[in-house]
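In UniProt numbering, the protein residues as written are 1 to 308.
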């Protein structure tokens, strides 16, 4: 006789049946898309409600990085895949060091493409992984639509025991109230258009949260100037063109002057920017940036130059 695997009843709004979409399978294609889109439009408002708690998480993560520690994401399924995507995009966008942000996905790299049976139910595996990977002073952000994913909660508990600060992004306000973490980011997106399909609104909300979280951390750490990506890596022709455009927009200098400054700075956009805005030579600009941890406005202040 085959023994059935354990079943867990998840008490979460994301598992509920959405009264607005009960006729979904009877609608013409355009109406199906309109119904889904109407549900999607609810997501930004739900994220907005959680911004005060998200700000706390940003400040905790920023402080961890300033002190030489790391930020960890932990997730399973859609949550883990979104976390891995966010980490992958930080280096080209902000030239973030590879060890600043780390994503941990239940089931490992294989699970990024194919579901791994029962990986998310293994609390011990999550705990063991974070026990190995986390150090005191790190910040660990867990992501789980249901708020009860054992792999994630096991990882967060282990991280706290190691002396890390912790946060949880959850789409289940019921379980979020009992989470043993430093900050809870509860995003109540309600029932999905297709009941239980948390790749939809819950996943969209987590993408918004992650993008806002990591971008805000990068801004706080001086990886931008104004709203410009001055720390980006120019690894192809399009990005090299963007580098020159950023210099022109930030300084008002001509394309030729920006190109000359970039050459003098050995291709370092921040050095060229500080050089053009301050009137200092590239060597002094580079020194000021080094002494201010790459923060353009602070480097300009050091050189006595007014930011534009």
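Glycine residues also receive a C-beta, built at the ideal position from the N, C-alpha and C atoms. Quick caveat: nothing in here was measured; it's all calculated off a predicted structure.
query                                                                                                : result
Residue span of the beta strand (DSSP E) that contains residue 144, given as start and end           : 139-144
The alpha helix (DSSP H) enclosing residue 215, as first and last residue numbers                    : 201-220
Cβ-based neighbour list, residue 154, same chain, cut-off 6 Å, excluding 5 preceding and 5 following : 123, 126, 127
Assigned secondary structure, residue 229 (DSSP; H/G/I helix, E/B strand, else coil)                 : coil
Contact set for residue 299: own chain, Cβ-Cβ below 6 Å, skip 5 residues either direction            : 274, 288, 289, 292
Own chain residues within Cβ distance below 8 Å of residue 16, not counting five before or after     : 190, 191, 195
Residues that DSSP places opposite residue 101 in a beta bridge                                      : 71
Distance, residue 186 Cα to residue 45 Cα                                                            : 12 Å
Short Cβ contact (9 Å threshold) for residue 168 with residue 47                                     : no
Endpoints, the alpha helix (DSSP H) within which residue 79 is located                               : 78-94
Beta-carbon separation (whole angstroms), residue 104 vs residue 133, contact threshold 8 Å          : 7 Å
Helix, strand or coil at residue 167 according to DSSP, with G and I counted as helix                : strand
Whole-angstrom distance between residue 121 and residue 2, CA atom to CA atom                        : Residue placement at residue 2 is flagged as unreliable, the pLDDT there being 46, under the threshold of 50; the coordinate-derived value follows with that caveat. One C-alpha to the other measures close to 20 Å.
Through-space distance from residue 231 to residue 268, alpha-carbon basis                           : 9 Å
Cβ distance (whole Å) where residue 140 is taken to contact residue 74 below 8 Å                     : 6 Å
Cβ shell of residue 247 (< 8 Å), same chain only, five flanking positions each side left out         : 253, 258, 261, 262, 269, 272, 273, 276
Nearest residue (CA-CA) to residue 38, options 28, 26, 49, 21                                        : 21
With 16 other Cβ atoms within 10 Å as the buried cut-off, status of residue 12                       : buried
Three-state secondary structure (DSSP) of residue 186                                                : strand
Close beta carbons around residue 382, own chain, < 8 Å, minus the five adjacent residues each side  : One cannot answer for residue 382 here, as it falls past the ends of the chain, which runs 1 to 308.
Alpha-carbon spacing of residue 302 relative to residue 52, whole angstroms                          : 33 Å
Three-state secondary structure (DSSP) of residue 280                                                : coil
Distance between residue 280 and residue 34 (C-alpha atoms, nearest Å)                               : 56 Å
Test item: CB-CB of residue 60 and residue 183 under 9 Å                                             : yes
Endpoints, the alpha helix (DSSP H) within which residue 301 is located                              : 296-302
Cβ-based burial, residue 166 [other Cβ within 10 Å; buried from 16]                                  : buried
Segment limits, alpha helix (DSSP H) that includes residue 110                                       : Taken as a continuous stretch (DSSP letters only), residue 110 belongs to no alpha helix (DSSP H), as it is neither H nor E.
Distance between residue 83 and residue 72 (C-alpha atoms, nearest Å)                                : 9 Å
Residue 29 versus residue 129: straight-line alpha-carbon distance, rounded                          : 44 Å
Proximity below 9 Å, CB of residue 137 to CB of residue 152                                          : no
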